[in-house]
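S.K.: Okay, handing you the structure first.
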Amino acid sequence: MIHLLQADTPTRETFWLIGPIGEAVFYYLAVVTLLVFGALAYRRFARYAQGSEDSFARLDELGTRVVRAAKIVGSNEQQFNRDFVGGLMHAFIFWGFLTLFIGTTILAIDMDIYQKVTAAFGTKQSFFEGAFYLSYSLVMDAMGLLFVVGLGVALYRRYVTRNERLWDRHTGVEDAYLVWMLFLLGVGGYLVEGIRILGTGFPAFETVSFVGWFVADVFEIAGVTESMARSVYPVAWWSHALLAFVFIASIPLGKPFHMISSFANVVTRDEKAGVRLPRVPDDASPDEIGASDIDDFSWKQLLDHDACTKCGRCSSVCPAKASGRPLDPRNVILDLKQYRMDLDAGRTEEQPIIADGGTSVIDSETMDSCMACMACMDACPVDIEHVTQFTEMNRRLTESGQMEETVQEAMMNVFQNGNTFGDPERKRPDWVDDLDFEVPDAREESVEYLWYVGDYPSYDERNQQIAKSLATLFHHADVSYGILYDDEQNDGNDVRRVGEEGLYEMLVEDNVALFEECEFDHIVCTDPHSYNTFKNEYPEFGWNENGEIDVSHYTQVVQELVPRLGLSGTELDYTVTYHDPCHLGRFNDEYEAPRALVRETGCDLHEMPRNRANSFCCGGGGGGLWMDLEEETKPSEERLREALEDTDAGSAVEKFVVACPMCMTMYEDGRKTGGFEAEIEIVGLSELLAEAVTTDSAVAASDNASSATPADD
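Per the UniProt record's numbering, the very first residue in the sequence shown carries number 1; after that it's consecutive.
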């Protein structure tokens with residue numbers, strides 16, 4: 001047998017020194033392992049069928065979905081987001097594991113199919129030899145090494161540097177089991193290979209297995225002889241095989257299952273999850289709205305729970321958690337998962353999913369803390385849809401009368417007066433009285449742009465300056481536009497995100513009826529929240545389903561109007577930073593239009609470290625604007641600190657530019673409570689542009705006057 005292994009044709013015998021009885025036992029254990037794995041995996045997936053139906057098509061164009069998911073998972077692109085080392089580590093582990101799995105499959109095809117089929121036709125053959133074997137051995141050793149290195153980095157980050165986001169109350173045995181089992185399997189494979197190479201007398205062609213050859217050299221230096229290697233090889237081989245069988249059989253029982261569930265989760269993701277929320281069924285009774293028990297969550301949401309890898313990326317970017325609010329997105333997902341598993345196993349009694357006081361899986365204050373900013377979803381590498389689940393729990397609180405008191409007051413104001421302030425509808429357009437030009441009425445004339453002003457620019461004194469500035473820009477650009485005056489109502493975006501679905505649907509119906517009475521080509525919104533719900537959610541209710549009406553944020557429209565505004569790019573010389581609103585940036589991928597406009601004014605723009613998709617929420621979304629929650633540090637205060645201390649301009653930053661009325665309100669408050677009033681000014685982008693336009697106009701007027709001739713006089 002030794003002679004055969006050292007023949008001129010490079011190959012190796014898989015069951016070397018194991019014998020026919022050992023080979024039969026191996027196949028028996030392999031079949032048992034696969035049966036156990038299959039049964040447990042089926043039970044895991046069958047459990048999802050007990051969840052409710054999902055509102056969105058998750059399996060349409062399945063082939064396209066699988067290809068797209070393969071690209072996302074294969075490239076590890078989401079793992080590199082905000083953590084290059086973590087991404088590289090996971091890429092090594094993923095591609096190393098995948099290569100070893102493919103290599104094992106190739107070996108099985110050769111042994112169990114190809115050799116047996118060719119033997120049946122009279123000549124037993126194997127492709128596991130020669131150049132193929134050498135290439136196979138080189139690739140397997142190289143990728144296996146990356147696998148072990150990646151796992152070594154994972155162990156170092158977990159147990160030596162103790163990466164903070166990897167440790168919390170859900171960290172336990174299954175986390176250690178996964179990483180240590182994979183590490184032992186990777187290292188064990190090289191130990192078995194090294195013993196085999198030493199025991200077969202170092203065949204020259206085995207140098208391509210450079211890691212195994214190195215291990216064999218180490219054993220030889222340590223005094224292990226060829227005969228000793230042959231005697232210990234069966235023990236090492238069986239130890240490695242049994243460890244692999246145990247791991248494979250246990251995959252559906254714990255964290256290793258994410259290797260399957262995470263891919264399934266990416267395949268079935270909704271690209272607009274959170275941007276648009278699931279509708280409540282038309283025939284649902286009040287007791288059926290929201291999540292009252294675990295099976296009220298859809299099958300996709302139950303899959304979300306199992307897809308969680310406990311990486312903590314969602315928690316590390318959550319502004320609510322950073323500010324000291326009682327919300328950790330990871331813990332919410334894992335608490336729901338643990339409750340389901342404990343309930344199914346009979347380890348706990350049934351209890352409400354969420355309640356304000358008393359025993360429940362999730363406490364109401366936890367959900368009150370959510371800002372619906374979607375930072376958690378953006379950071380999640382496996383596309384868990386946190387916000388949709390949080391909304392289901394908020395709906396249950398609303399339907400059971402457990403909504404936070406100040407939010408209830410805001411909802412009553414909307415119901416009675418069409419705005420969150422509770423002010424009379426007739427006062428909505430009062431801000432136009434201070435302008436020296438008329439603002440057209442879109443109810444009375446056909447316009448190109450129907451301008452939806454919004455609650456805060458209409459009623460809040462500070463934000464009225466935003467509306468006046470934007471009106472100035474439209475007037476200066478000679479745009480055909482108009483507003484709805486006192487018929488305008490709240491758009492409903494944040495009404496929906498605090499769980500008031502019934503009120504939201506009422507607002508949709510009223511607003512759509514008003515839109516249909518007017519003649520216009522485009523809708524332009526002051527507020528990114530309005531922009532988001534008109535663009536992404538109203539079509540779900542039958543309005544603008546085909547997108548024939550363009551919905552834009554004002555920054556997108558004004559960017560197109562720049563040539564008509566006459567800006568030269570030198571009007572202002574402030575040093576500024578810009579804050580990306582969640583609903584404009586993360587929700588709708590608009591990052592460049594506001595920045596282009598800032599530069600058009602001549603201002604010197606400096607980015608905060610957390611910008612674009614990584615922007616840090618102001619704290620006003622998801623009803624946060626209406627709540628008074630206990631916080632260690634307000635998100636707005638932290639963001640202003642970042643602007644003054646972490647940009648490359650530092651304290652030289654003069655103005656903090658916002659493009660969202662809610663952000664304006666939150667940052668003006670944070671400027672006062674954080675003690676930043678003397679250090680930085682909060683300014684709306686429309687205000688900055690209006691200042692540049694009026695400055696440019698004044699300069700032009702001065703130039704014309706100075707160049708006037710006597711005849712002109």
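Using N, Cα and C, we set each Cβ at its ideal position, and we do this for glycine too. Quantities reported herein were computed from a predicted structural model and do not represent experimental measurements.
(1) Measuring only the C-alpha atoms, how far is residue 538 from residue 412?
(2) If I measure Cβ to Cβ from residue 417 and keep anything under 8 Å in the same chain, skipping five residues before and after, which residues do I get?
(3) Give the single residue among 692, 656, 630 and 11 whose Cα lies nearest to the Cα of residue 327.
(4) Which of helix, strand or coil does DSSP assign to residue 167?
(5) Let me check one thing: in DSSP terms, what residues is residue 362 bridge-paired to?
(6) So, does the stretch 136-146 touch the stretch 76-88, judging by three or more C-beta pairs under 8 Å?
(7) Starting from the Cα of residue 273, find the closest Cα among 692, 365 and 386 and give me that residue.
(8) DSSP on residue 549, reduced to helix/strand/coil?
(9) Could you spell out the range, first to last residue, of the beta strand (DSSP E) harbouring residue 520?
(10) Would DSSP call residue 605 helix, strand or coil?
(11) Spatial neighbours of residue 561 within its chain, please: C-beta separation below 6 Å, excluding the five flanking residues on both sides.
(12) Under DSSP, the beta strand (DSSP E) around residue 684 begins and ends at which residues?
(13) On a Cα-Cα basis, can you pick out the residue from 685, 331 and 145 that is closest to residue 316?
(14) Under a three-way DSSP split, which group does residue 636 fall into?
(15) Mark residue 546 as exposed unless 16 or more other C-beta atoms lie within 10 angstroms of its C-beta, in which case mark it buried.
(16) Classify residue 389 as buried or exposed, calling it buried when 16 or more other Cβ atoms lie within 10 Å of its own Cβ.
(17) Which residues in the same chain have their Cβ closer than 7 Å to the Cβ of residue 10, if we skip the five residues on either side of it in sequence?
(18) So if DSSP puts residue 565 in a beta bridge, which residue, or which two residues, is it bridged to?
(19) Determine the direct distance from the alpha carbon of residue 166 to that of residue 329, and round the result to whole angstroms.
(20) Give a yes or no on whether the C-beta atoms belonging to residue 782 and residue 442 are separated by under 7 Å.
(21) Contact between the stretch 506-518 and the stretch 587-604 is defined here as three or more beta-carbon pairs at a separation below 8 Å; is this criterion met?
(22) Taking all protein chains shown into account, decide if residue 43 is buried (16 or more other Cβ within 10 angstroms of its Cβ) or exposed.
(23) Start and end of the beta strand (DSSP E) containing residue 656?
(24) So what does DSSP say about residue 574, is it helix, strand or coil?
(25) Quick one: using the 10 Å Cβ neighbour count with 16 as the cut-off for buried, is residue 250 buried or exposed?
(26) Would you say residue 151 and residue 182 are within 7 Å of each other, going by their C-beta atoms?
(27) Classify residue 312: buried if its beta carbon has 16 or more other beta carbons within 10 angstroms, exposed otherwise.
(28) Considering only the beta carbon of each residue, do residue 371 and residue 393 sit closer than 7 Å?
(29) Assuming residue 559 contacts residue 597 (C-beta within less than 8 Å), just tell me the rounded distance between them.
(30) Pull up the DSSP beta-bridge partners for residue 452, would you.
(31) Would you call the stretch 492-499 and the stretch 456-474 touching, i.e. three or more CB-CB distances under 8 Å?
(32) Three or more C-beta pairs closer than 8 Å, one from the stretch 638-652 and one from the stretch 674-681: is that the case here?
(33) Report yes if the CB atom of residue 17 is closer than 7 Å to the CB atom of residue 256, and no otherwise.
(34) How big is the Cα-Cα spacing for residue 694 and residue 681?
(35) Going by DSSP in three states, residue 649 sits in which element: helix, strand or coil?
(36) Tell me which residues share the same chain as residue 232 and place their Cβ nearer than 7 Å to its Cβ, disregarding the 5 neighbours each side in the sequence.
M.R.: So, from the listed chains and residues:
(1) Residue 538 and residue 412: Cα-Cα distance of roughly 22 Å.
(2) The answer, listed in chain order, is 423, 424 and 425.
(3) Here the closest residue by C-alpha is 630.
(4) Residue 167 carries a coil assignment under DSSP once its states are collapsed to helix, strand and coil.
(5) According to DSSP, which records beta bridges pairwise, residue 362 is partnered with 354.
(6) The stretch 136-146 makes no contact with the stretch 76-88, as fewer than three CB pairs between them are under 8 Å.
(7) Here the closest residue by C-alpha is 386.
(8) Coil.
(9) Element bounds for residue 520: 520-525.
(10) Residue 605: strand per DSSP, three-state reduction.
(11) Here the set comprises 477.
(12) Residue range 681-684 is occupied by the beta strand (DSSP E) that includes residue 684.
(13) Nearest C-alpha to residue 316: 331.
(14) Three-state result, residue 636: helix.
(15) Counting other Cβ atoms within 10 Å of its Cβ, residue 546 stays below 16 and is therefore classed as exposed.
(16) For residue 389, the number of other beta carbons within 10 angstroms of its own is at least 16, and it is reported as buried.
(17) Excluding sequence neighbours, residue 10 sits near 129, 130, 133, 134 and 205.
(18) None, per the DSSP bridge assignment.
(19) Approximately 14 Å, taken between the alpha carbons.
(20) Lying outside 1 to 713, the shown extent of the chain, residue 782 is not represented and no answer is given.
(21) With a cut-off of 8 Å on Cβ pairs, the stretch 506-518 is not in contact with the stretch 587-604, counting fewer than three such pairs.
(22) Exposed, because fewer than 16 other Cβ atoms sit within 10 Å of the Cβ of residue 43.
(23) Run containing residue 656: 655-658, per the beta strand (DSSP E) assignment.
(24) Residue 574: coil per DSSP, three-state reduction.
(25) By the neighbour-count rule (16 or more Cβ atoms within 10 Å), residue 250 is buried.
(26) In this structure, residue 151 sits near residue 182, with a CB-CB distance shorter than 7 Å.
(27) Around the CB of residue 312, 16 or more other CB atoms lie within 10 Å, so the residue is classed as buried.
(28) For residue 371 and residue 393, no; Cβs fall outside 7 Å.
(29) Contact between residue 559 and residue 597 holds: their C-beta atoms lie close to 6 Å from each other, under 8 Å.
(30) According to DSSP, residue 452 bridges with 525.
(31) Fewer than three pairs of CB atoms, one per stretch, sit closer than 8 Å, so the stretch 492-499 makes no contact with the stretch 456-474.
(32) Yes: at least three Cβ pairs fall under 8 Å.
(33) For residue 17 and residue 256, no; Cβs fall outside 7 Å.
(34) Residue 681 has its alpha-carbon roughly 20 Å from the corresponding atom of residue 694.
(35) Three-state DSSP puts residue 649 in coil, outside helix and strand.
(36) In the same chain as residue 232, and ignoring 5 residues on each side of it, the C-beta atoms closer than 7 Å to its own belong to 195, in chain order.
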